[in-house]
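Visitor: Chains as they are written, first to last, in the numbering used here: chain A, 466 to 578; chain B, 6 to 122.
1. Anything in chain A within Cβ reach of residue 61 (chain B), meaning under 7 Å, just list it in chain order.
2. Considering only the alpha carbon of each residue, which of A:498, A:569 and A:578 lies closest to residue 533 (chain A)?
3. Could you check if residue 565 (chain A) is buried or exposed, using at least 16 other CB atoms within 10 Å of its CB as the buried criterion?
4. For residue 53 (chain B), which of A:475, A:567 and A:576 has the nearest alpha-carbon?
5. Considering Cα atoms alone, identify which of B:33, B:78 and B:27 is closest to residue 101 (chain B).
6. By Cβ distance below 6 Å, which residues in the same chain neighbour residue 485 (chain A) in space, the five residues on each side in sequence not counted?
7. In its own chain, which residues sit with a C-beta less than 6 Å from the C-beta of residue 483 (chain A), not counting the 5 before and 5 after it?
8. If we count the other Cβ atoms within 10 Å of its Cβ and call it buried at 16 or more, is residue 519 (chain A) buried or exposed?
9. Could you tell me whether any non-hydrogen atom of the ligand NAP is closer than 7 Å to the CB of residue 75 (chain B)?
10. Helix, strand or coil, according to DSSP, for residue 118 (chain B) in the structure here?
11. Beta carbons nearer than 8 Å to chain A: which residues of the region 43-67 of chain B have them?
12. If I measure Cβ to Cβ from residue 50 (chain B) and keep anything under 8 Å in the same chain, skipping five residues before and after, which residues do I get?
13. How would you write the range of the beta strand (DSSP E) that residue 30 (chain B) sits in, first residue to last?
14. Give me the chain A residues within the contact set of residue 36 (chain B), using Cβ-Cβ distance strictly less than 7 Å, ordered along the chain.
15. Please check if any C-beta of chain B sits within less than 8 Å of the C-beta of residue 494 (chain A).
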């Protein structure tokens, strides 16, 4: 399985933008970049995903490097409710890793009031 | 739409006993995942089903863990016999798989917290 590397933890202040980086140098052409987050005592929830182009939704933006070896999840204005563990995952659309979702350690985001 | 349902929410058992967890995925979701999450770690994939067939069970400890998905809908995960290190949250997730070969986002249940004493 293609691996991702994320910082163990990051901190932000409320209402400031947050940029969460992810490195995935061994990404293959059929790997989608997915982001999930897990709030305390809850199951993970989907945030956003993309293949090559930058993506925006109501929760966040995903910026993907041109060579696809790294990506950044952007929370435009952090709130206290965004404090969670954020996971960057490569999800293959085919092959032997058919739709597999493999979680790493993730980045613990702390948001200060 | 209704989410992924799991039961029970909590379970305490003694080591060497058996336990079973139940998952009802979102209607129409062909892909179902079971994860084990030990405190302080990310979820670890135990098994992935596509309809009622197993796609990946490479990390399932098959000497004690078993899972089935009858009729491609509900699923059960069983541990027999349980060990102390099986104490964890067991998460079920489901995902839609469309005809173009694209997987939708995965939806997770609240999980079952297992304590083995």
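We treat Cβ as the ideally placed atom computed from N, Cα and C, and that holds for glycine.
Guide: In brief:
1. 565
2. A:498
3. buried
4. A:567
5. B:33
6. 538, 551 and 572
7. 477, 540 and 543
8. exposed
9. Absence of the ligand NAP is noted for the structure shown, with no ligands found whatsoever.
10. strand
11. 46, 47, 48, 49, 50, 53, 55, 60 and 61
12. 38, 39, 40, 61 and 64
13. Note, residue 30 (chain B): premise wrong, no beta strand (DSSP E); not H, not E.
14. 564
15. no
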